[in-house]
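Chains as they are written, first to last, in full-length UniProt numbering: chain Y, 1 to 328; chain Z, 1 to 328.
Remarks on the structure that follows.
Number of protein chains: 2
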Amino acid sequence: MSNKGKKSANIKDVAALAGVSVATVSRYLNGELGRMSSKTAKTVQEAIEKLNYVPNSVARQMKTRSSKMIAVVVSNVDDYFSTELFKGISAILESRGYIGVLFDVDSDEQRERKLLRTIGSQMFDGLIMQPANGPQTIIEALRRPLPIVTVDREVDHSSWPQVIVNNYEIARSVSRHFRQLGYTHAIVLTSEIKKARTRQERYRGITAEFNHVDAIEISELAHNHQATYRRLVQLIQATAEKTLIFCLKERWLLEFVPQLVFDQLIDNQKVTATGFADTDYAHQLEPRLKLISQNPYLMGGSAAELMLNQLQDHPQPADRIVIPAKFK
Amino acid sequence: MSNKGKKSANIKDVAALAGVSVATVSRYLNGELGRMSSKTAKTVQEAIEKLNYVPNSVARQMKTRSSKMIAVVVSNVDDYFSTELFKGISAILESRGYIGVLFDVDSDEQRERKLLRTIGSQMFDGLIMQPANGPQTIIEALRRPLPIVTVDREVDHSSWPQVIVNNYEIARSVSRHFRQLGYTHAIVLTSEIKKARTRQERYRGITAEFNHVDAIEISELAHNHQATYRRLVQLIQATAEKTLIFCLKERWLLEFVPQLVFDQLIDNQKVTATGFADTDYAHQLEPRLKLISQNPYLMGGSAAELMLNQLQDHPQPADRIVIPAKFK
Numbered sequence: 001m002s003n004k005g006k007k008s009a010n011i012k013d014v015a016a017l018a019g020v021s022v023a024t025v026s027r028y029l030n031g032e033l034g035r036m037s038s039k040t041a042k043t044v045q046e047a048i049e050k051l052n053y054v055p056n057s058v059a060r061q062m063k064t065r066s067s068k069m070i071a072v073v074v075s076n077v078d079d080y081f082s083t084e085l086f087k088g089i090s091a092i093l094e095s096r097g098y099i100g101v102l103f104d105v106d107s108d109e110q111r112e113r114k115l116l117r118t119i120g121s122q123m124f125d126g127l128i129m130q131p132a133n134g135p136q137t138i139i140e141a142l143r144r145p146l147p148i149v150t151v152d153r154e155v156d157h158s159s160w161p162q163v164i165v166n167n168y169e170i171a172r173s174v175s176r177h178f179r180q181l182g183y184t185h186a187i188v189l190t191s192e193i194k195k196a197r198t199r200q201e202r203y204r205g206i207t208a209e210f211n212h213v214d215a216i217e218i219s220e221l222a223h224n225h226q227a228t229y230r231r232l233v234q235l236i237q238a239t240a241e242k243t244l245i246f247c248l249k250e251r252w253l254l255e256f257v258p259q260l261v262f263d264q265l266i267d268n269q270k271v272t273a274t275g276f277a278d279t280d281y282a283h284q285l286e287p288r289l290k291l292i293s294q295n296p297y298l299m300g301g302s303a304a305e306l307m308l309n310q311l312q313d314h315p316q317p318a319d320r321i322v323i324p325a326k327f328k
Numbered sequence: 001m002s003n004k005g006k007k008s009a010n011i012k013d014v015a016a017l018a019g020v021s022v023a024t025v026s027r028y029l030n031g032e033l034g035r036m037s038s039k040t041a042k043t044v045q046e047a048i049e050k051l052n053y054v055p056n057s058v059a060r061q062m063k064t065r066s067s068k069m070i071a072v073v074v075s076n077v078d079d080y081f082s083t084e085l086f087k088g089i090s091a092i093l094e095s096r097g098y099i100g101v102l103f104d105v106d107s108d109e110q111r112e113r114k115l116l117r118t119i120g121s122q123m124f125d126g127l128i129m130q131p132a133n134g135p136q137t138i139i140e141a142l143r144r145p146l147p148i149v150t151v152d153r154e155v156d157h158s159s160w161p162q163v164i165v166n167n168y169e170i171a172r173s174v175s176r177h178f179r180q181l182g183y184t185h186a187i188v189l190t191s192e193i194k195k196a197r198t199r200q201e202r203y204r205g206i207t208a209e210f211n212h213v214d215a216i217e218i219s220e221l222a223h224n225h226q227a228t229y230r231r232l233v234q235l236i237q238a239t240a241e242k243t244l245i246f247c248l249k250e251r252w253l254l255e256f257v258p259q260l261v262f263d264q265l266i267d268n269q270k271v272t273a274t275g276f277a278d279t280d281y282a283h284q285l286e287p288r289l290k291l292i293s294q295n296p297y298l299m300g301g302s303a304a305e306l307m308l309n310q311l312q313d314h315p316q317p318a319d320r321i322v323i324p325a326k327f328k
């Protein structure tokens, strides 16, 4: 089924073999099937297959330099946040004739560079990313200028438009809320803090309000659930203080909190939990927890708007959007 | 930042401006940065940006007809099954120099056709899909011959290699297991059954063992959680029979079972639950449930192997792989 070496047929060959006009083939290729009998459509389709004809939209791309495809690079497709981000991006892009295609960094910075090299060598019109690497690394990996929008992870001194969350402020105000309820000890469940600006900001917000903070850093690539759970239980039982378990990522909340509830370690009195979470599951946990929602779908939509501004050659002056997270 | 109308620079222009040889620019473009000083790399990069030079890999594609990108179309990126499938596909493809690019059908058949039209008009080397539409619709939407592998949802009389699960057999043997434990009533929690062959097979397996079966079909696009939950509770309480809640999709298991546990409606005596589930969360639910694991990662890897066979012009005779699901 490969085309190696074969001389490729053109639209005239297809029209000739199908016994129709070039205009009809062209209508077929543009999906205007309403304008021909299904019998004609079928004949054209068969001719296209027999001749192994490839529509010359690629040749067209060479001229217009547009594929109408936007590369979307997210940190991990296993995270609901990342996939919702993509759904929001896609919805807006598609309303304007573009298509978002998803690349998965799989929580691996090296992999991000590899994906960026591919994206840079292909016909994408733009790039929206939840960056793992810094700007210089990203530019070098792409090896060509491309309209870029970053989302979620703040990039300092960036020339690219970005959409971020008020991570520090929300983490701090939520911490204050629990401190005022008498909670003096915080256990932070998080992926490696230094690896993402988002986590650093959130952690900074928590430590600004709590003096007694224990951080449990979990590797996204490989971790021992039971060992982490035991550590968590030890930290809870090691103190008489009222303890808040603060999950910086929904994945860790869903992985550990239900088990703590089942083991009756979370009573919303001596021990409670909160965290960043957007799925229904998290909000349906019993006992009900007050959680931080970021609205990744809206963040994605906003990032897509910033991308469309660039593609249409009118970037806005202040291309930095902060979407405030909600505590509910 | 768009390139409208500009005459594009070529590699010689870049070499001239950077004051290096064309070979050096070419090494830079191939990522062989180890073979030049970082100063040289920087100079080349600046020349590329100044001239807005786009590597002519697209021109190369026109000749070789290869972008090394495989389009992967999944039914919904919010499903762990779909994202794990993609991770398995990517791992194998990348070990052989290809990159998997993800498209999200978002549980919408019309959307699948739209995505396929884009894929058909772009330079993808192949297509691996979890199909929502039938073969004829897929061929018409693509409008060009492309190596195709289907996965998860069985396609009848398909000329394409496919990777599937033994849906009927596993659903039936698991049903028998619970029947032998005295469960005589089954409540099936599922997305619209007629919309996916996978669900039809699983439902067939359950009804082959249980006489008393209630099906609750939930829309993936929009559903009322509380109404569905009330219906579920009514069905549980309407009978004195031992009831098995059988979730055909992990999403429904995670959305409803924890609440049933909290409301003490699941005791693993009068009422128990099982279903298709691959995430850690599902397997950590308390009380522990025996669940059906499909290993989407392995399914994806197998689909990628079948694709590589086609791309290397040696498709295997029996290109239909059945990955047996596990009950544990």
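Even for Gly, the Cβ is constructed at its ideal location relative to N, Cα and C.
Nothing here was measured: the structure is a model prediction, and the numbers come from that model.
Could you give the first and the last residue of the continuous alpha helix (DSSP H) run that contains Met123(Y)? Sequence index remark: in the first sequence, residue 123(Y) carries index 123 (1-based). First-last for Met123(Y): undefined, no H or E at that position.
Between His225(Z) and chain Y, is the shortest Cβ-Cβ distance under 8 Å, so that the two count as touching? Residue numbering aside, residue 225(Z) sits at position 225 when the second sequence is read from its first letter. Chain Y, which has a Cβ nearer than 8 Å to the Cβ of His225(Z), makes this yes.
For Leu221(Y), count the other beta carbons within 10 Å of its own beta carbon; 16 or more makes it buried, fewer makes it exposed. Which is it? Here residue 221(Y) is taken as the residue at index 221 of the first sequence, counted from 1. Exposed, since its Cβ has fewer than 16 Cβ neighbours within 10 Å.
How long is the line joining the alpha carbons of Asp319(Z) and Ala171(Z), rounded to whole angstroms? Residue 319(Z) sits at position 319 when you count from the first residue of the second sequence. Residue 171(Z) sits at position 171 when you count from the first residue of the second sequence. C-alpha separation (whole angstroms): 24 Å.
Report buried or exposed for Leu142(Y), applying the criterion of at least 16 other Cβ atoms within 10 angstroms of its Cβ. Numbered from 1 along the first sequence, position 142 holds the residue referred to as residue 142(Y). The residue is buried, with at least 16 neighbouring Cβ atoms inside 10 Å.
Consider the Cβ of Asp108(Z): report whether some Cβ of chain Y lies at a distance smaller than 8 Å. The residue given as residue 108(Z) occupies position 108 in the second sequence. Not an interface residue.
So, under 8 Å CB-CB, Gly100(Z) and Val72(Z) are touching, yes? Tell me the CB distance rounded to an integer number of Å. Numbered from 1 along the second sequence, position 100 holds the residue referred to as residue 100(Z). Numbered from 1 along the second sequence, position 72 holds the residue referred to as residue 72(Z). Contact holds; Cβ gap of about 5 Å.
DSSP beta-bridge partners of Ala273(Z): Your numbering for residue 273(Z) matches position 273 in the second sequence. For Ala273(Z), which the question treats as bridged, DSSP gives the partners Ile245(Z).
In chain order, what residues of the same chain have a beta carbon less than 6 Å from the beta carbon of Arg60(Y), not counting five sequence neighbours either side? Within the first sequence, the letter at position 60 stands for residue 60(Y). Because Arg60(Y) sits at a pLDDT of 49, beneath the cut-off of 50, its placement in the model cannot be relied upon, and the point is left open.
Is there at least one Cβ from chain Z nearer than 8 Å to Tyr183(Y)'s Cβ? Indexing the first sequence from 1 puts residue 183(Y) at position 183. So no, Tyr183(Y) is outside the interface.
Are there 16 or more other CB atoms within 10 angstroms of the CB of Asp313(Y), so buried, or fewer, so exposed? On the first sequence, residue 313(Y) is found 313 positions in, with the first residue counted as 1. So Asp313(Y) ends up on the exposed side.
Do you know how far the Cα of Arg111(Y) is from the Cα of Thr118(Y)? For the purposes of this step, residue 118(Y) is taken as the residue at position 118 of the first sequence. For the purposes of this step, residue 111(Y) is taken as the residue at position 111 of the first sequence. Rounded to the nearest angstrom, the two C-alpha atoms are 11 Å apart.
Counting Cβ pairs, one atom from each stretch, are 3 or more of them under 8 Å apart for the region 233–253 of chain Y and the region 72–88 of chain Y? Because the criterion of three Cβ pairs below 8 Å is met, the region 233–253 of chain Y and the region 72–88 of chain Y touch.
How many Å lie between Ile321(Y) and Ser191(Y) at the Cα? Your numbering for residue 321(Y) matches position 321 in the first sequence. Your numbering for residue 191(Y) matches position 191 in the first sequence. So the two alpha carbons sit approximately 25 Å from each other.
Return the first residue and the last residue of the alpha helix (DSSP H) that Ile266(Y) is part of. Numbered from its first residue, the first sequence carries residue 266(Y) at position 266. Careful: Ile266(Y) lies outside any alpha helix (DSSP H) and carries neither H nor E.
Asp280(Z): which of Met307(Y), Ala273(Y), Ala238(Y) and His223(Y) sits nearest, CA to CA? In the second sequence, residue 280(Z) corresponds to position 280, counting from 1. Selected option, being the one with the closest Cα: His223(Y).
Assuming the contact rule is C-beta atoms closer than 8 Å, Pro296(Y) and Asn166(Y) should be a hit. Round their C-beta distance to whole Å, please. Walking along the first sequence from the start, residue 296(Y) turns up at place 296. Walking along the first sequence from the start, residue 166(Y) turns up at place 166. Not really, about 14 Å apart at Cβ, beyond 8 Å.
Tell me the start and end of each unbroken beta strand (DSSP E) in the region 120–193 of chain Y that is at least 3 residues and wholly inside, in chain order. 126–129, 148–152, 162–165 and 185–191
Is it buried or exposed, Asp125(Z), if we count other Cβ atoms within 10 angstroms and call 16 or more buried? Taking the first residue of the second sequence as 1, we reach residue 125(Z) at position 125. So Asp125(Z) ends up on the buried side.
Check whether chain Z comes within 8 Å of Lys249(Y), counting only Cβ atoms and requiring the distance to be less than that. The residue given as residue 249(Y) occupies position 249 in the first sequence. Chain Z contact via Cβ: absent.
Give the residues of chain Z in contact with Met69(Y), contact being defined as C-beta atoms less than 8 Å apart. As a first step, residue 69(Y) must be located in the first sequence, where it is residue number 69. By Cβ distance, chain Z contributes Thr118 and Gln122.
Which chain Z residues sit within Cβ distance under 8 Å of Glu255(Y)? On the first sequence, position 255 is the one that residue 255(Y) refers to. Result: Asp280, Tyr281 and Gln284.
Can you find the residues in the same chain that come closer than 8 Å, C-beta to C-beta, to Ile216(Y), ignoring five residues on each side of it along the sequence? Stepping through the first sequence from its first residue, residue 216(Y) is reached at position 216. Excluding positions up to five away in sequence, the list reads Ile187, Val188, Leu189, Thr190, Thr228, Arg231, Leu232 and Leu235.
Mind checking the region 135–154 of chain Z against chain Y and listing, in chain order, the residues whose C-beta falls within less than 9 Å of any C-beta there? Ile139, Glu140, Ala141, Arg143, Arg144, Pro145, Leu146, Pro147 and Ile148
Return no unless some Cβ of chain Y is closer than 8 Å to the Cβ of Val14(Z). On the second sequence, position 14 is the one that residue 14(Z) refers to. Taking Cβ atoms only, chain Y never reaches closer than 8 Å to Val14(Z), which makes this a no.
Could you tell me the distance, in whole angstroms, from the CA atom of Gln200(Y) to the CA atom of Ile206(Y)? Against the first sequence, residue 200(Y) aligns to sequence position 200. Against the first sequence, residue 206(Y) aligns to sequence position 206. Approximately 10 Å between the Cα atoms of the pair.
From the DSSP output, in three-state form, read off Ser302(Y) for me. Along the first sequence, read from residue 1 onward, the residue named residue 302(Y) stands at position 302. Note: Ser302(Y) maps to helix in three-state DSSP.
Length of the line joining the Cα atoms of Leu29(Z) and Pro161(Y): As a first step, residue 29(Z) must be located in the second sequence, where it is residue number 29. As a first step, residue 161(Y) must be located in the first sequence, where it is residue number 161. Rounded to whole angstroms, Leu29(Z) to Pro161(Y) spans 26 Å at the Cα level.
What is the DSSP secondary structure of Ala71(Y), reduced to helix, strand or coil? Within the first sequence, residue 71(Y) is the residue found at index 71, counting from 1. Strand.
Can you tell me whether Asn3(Y) is buried or exposed? The criterion is at least 16 other CB atoms within 10 Å of its CB, across all chains shown. What you label residue 3(Y) is simply residue 3 of the first sequence in a count that begins at 1. Low confidence applies here, because Asn3(Y) scores a pLDDT of 40, under 50, leaving its location unreliable and the question unanswered by this model.
Counting only beta-carbon separations shorter than 8 Å, does Tyr80(Z) have a partner in chain Y? Taking the first residue of the second sequence as position 1, residue 80(Z) is located at position 80. Yes, contact with chain Y.
Between Ala16(Y), Gln130(Y), Met36(Y) and Ala238(Y), which lies nearest to Ala47(Y) when the distance is taken from Cα to Cα? As a working note, residue 47(Y) is residue 47 in the first sequence. Looking at the Cα atoms, Ala16(Y) is the closest of the given residues.
For Ala196(Z), tell me which candidate among Ser302(Z), Ser219(Z), Phe210(Z) and Ala208(Z) has the shortest Cα-Cα distance. For this step, residue 196(Z) is matched to residue 196 along the second sequence. Minimum Cα distance to Ala196(Z) is reached at Ser219(Z).
Roughly how many angstroms lie between the CA atoms of Val44(Y) and Val155(Z), to the nearest whole one? For the purposes of this step, residue 44(Y) is taken as the residue at position 44 of the first sequence. For the purposes of this step, residue 155(Z) is taken as the residue at position 155 of the second sequence. For Val44(Y) and Val155(Z), the distance between alpha carbons rounds to 25 Å.
Does DSSP classify Phe103(Z) as helix, strand or coil? As a position in the second sequence, residue 103(Z) is number 103, starting the count at 1. In this structure, Phe103(Z) counts as strand in the three-state DSSP scheme.
With 16 other CB atoms within 10 Å as the buried threshold, where does Pro258(Y) fall? In the first sequence, residue 258(Y) corresponds to position 258, counting from 1. Buried, by the Cβ-count rule.
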